[in-house]
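All residue numbers for the sequence shown refer to the UniProt record's numbering, where the first residue is 1 and numbers rise by one. Built from N, CA and C at the ideal position, the CB exists for glycine as well. Please read the structure below before turning to the comments.
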Amino acid sequence: MSRTAPASARAATYDELLARARAGGLGPDPAALRISVAFTTRQAVRHEGRGTGYRNEVLSLRLAEAVGSCAVEPGALPDGAVDDCAGADLARLLAHPVPAVRVAALDAYLMHVTPHTPDHGARPVALPAGTSLEKSRARAEAVAGLLVLPPGSTVLVVGVVNSLLEALRSRGLGYVPCDLKGGVTEWGETVVTDALAAAGRCDALLVSGMTLGNGTFEPLREHALRSGKQLVMFAQTGSAVLPRFLGHGVSAVCAEPYPFFWLDGGPGTLHRYRADLPGGTR
């Protein structure tokens, strides 16, 4: 597996990482950098053969060659947020009152400073061309493959993706699906809404990067750190942010920067990161 980024590039908490970025401690002075393009991507999905669908909305900010992103609940982004970001200096956006703007700005900054390359600890994984469902399943295999668990273990899945649940079942793993929206899975399983309450009865955590934007990431990271459980992140939101927490509660990251797999039928690339696991396994 890939080597990880240098320890100096990591952070103990999200607030610490954000503060270091604002102070210029991770690279160029953010006050001297400007966002050239700000945009949102909205989609509605119902894969062929699936009985349920879902919607996504993502705020993305372009800094030079880099794009940083943060998913939000559809309709939650304030009117004018995109206009407020376009042309703004990065320092202002790192202190923006809207959490999603801060996350997207930090993601863009870190994508600019430490892109997903082997030098920064990333291992590329080719995502083949295919239908939306084929690509979803291929991504799920890449994500689930970062878990090192014996059959019969139970995984807390925060951010319900049916393809991920399929991939876990194929490995003989049980799961507790969790999402703030609640509801049921494709197979009628109840989706819990309190991730931290469910974490104690699970052996590992598989968590969406969207938790960065809604404020639920830190409690889950702290739980994993205290308990010694694996915490694997699948990250369209904060794909360049989450590798910074390897060794500080996060054990692995499957990073997927913009453009995401659901935007195009052609081939793509995921970037996997992994910290040392108990017993020295990598």
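- Beta-carbon to beta-carbon, L225 and A235 are separated by about 18 Å, too far to satisfy the 8 Å threshold.
- Across the set M210, W262, V101 and C254, the C-alpha of C254 shows the shortest separation from the C-alpha of E141.
- H120: not part of any alpha helix (DSSP H); DSSP gives it neither H nor E.
- In this model, L196 and L164 are separated by some 20 Å (Cα to Cα).
- Counted as a single uninterrupted DSSP element, the stretch harbouring C202 is not any alpha helix (DSSP H), since DSSP gives it neither H nor E.
- Residues of the same chain with a CB within less than 7 Å of the CB of H223, apart from the 5 flanking positions on each side, are L196 and A199 in chain order.
- Nearest to E73 by alpha-carbon distance, out of E189, D264, T269 and R42, is R42.
- Looking only at L173, T185, T131 and V125, the smallest Cα-Cα distance to L205 is reached by L173.
- Counting only the Cα atoms, V125 lies some 35 Å from R92.
- No residue range can be given for Y258, since it is assigned to no alpha helix (DSSP H) and is classified by DSSP as neither H nor E.
- The continuous alpha helix (DSSP H) containing R226 extends over residues F217 to S227.
- Contact between T185 and V192 does not hold, since the beta-carbon distance rounds to 11 Å and is not under 8 Å.
- When only Cα atoms are considered, R22 and D29 end up about 8 Å apart.
- S60 carries a strand assignment under DSSP once its states are collapsed to helix, strand and coil.
- The three-state reading of DSSP puts G174 in strand, counting E and B together.
- For G80, no alpha helix (DSSP H) segment is defined, and its DSSP state is neither H nor E.
- S136 and Y175 have their alpha carbons spaced roughly 19 Å apart.
- The beta carbons of R274 and L146 sit about 6 Å from each other, so the pair counts as a contact at 8 Å.
- For S239, no alpha helix (DSSP H) run applies, since DSSP gives it neither H nor E.
- In this model, C202 and Q230 are separated by some 10 Å (Cα to Cα).
- With fewer than 16 other beta carbons inside 10 angstroms of its own, V37 counts as exposed.
- Scanning L127, V161 and V148 for the CA closest to the CA of R171 turns up V148.
- The residue among V161, R169, A167 and D107 with its C-alpha nearest the C-alpha of G182 is V161.
- Inclusion of A100 and L77 in the CB contact set at 8 Å is warranted, their separation being smaller than that value.
- In this structure, the beta-carbon distance from V207 to G159 falls below 8 Å.
- Taking 8 Å as the cut-off, the beta carbon of A129 is found closer than this to the beta carbon of P267.
- Across the structure, F245 and G215 are spaced so that their CA atoms are roughly 15 Å apart.
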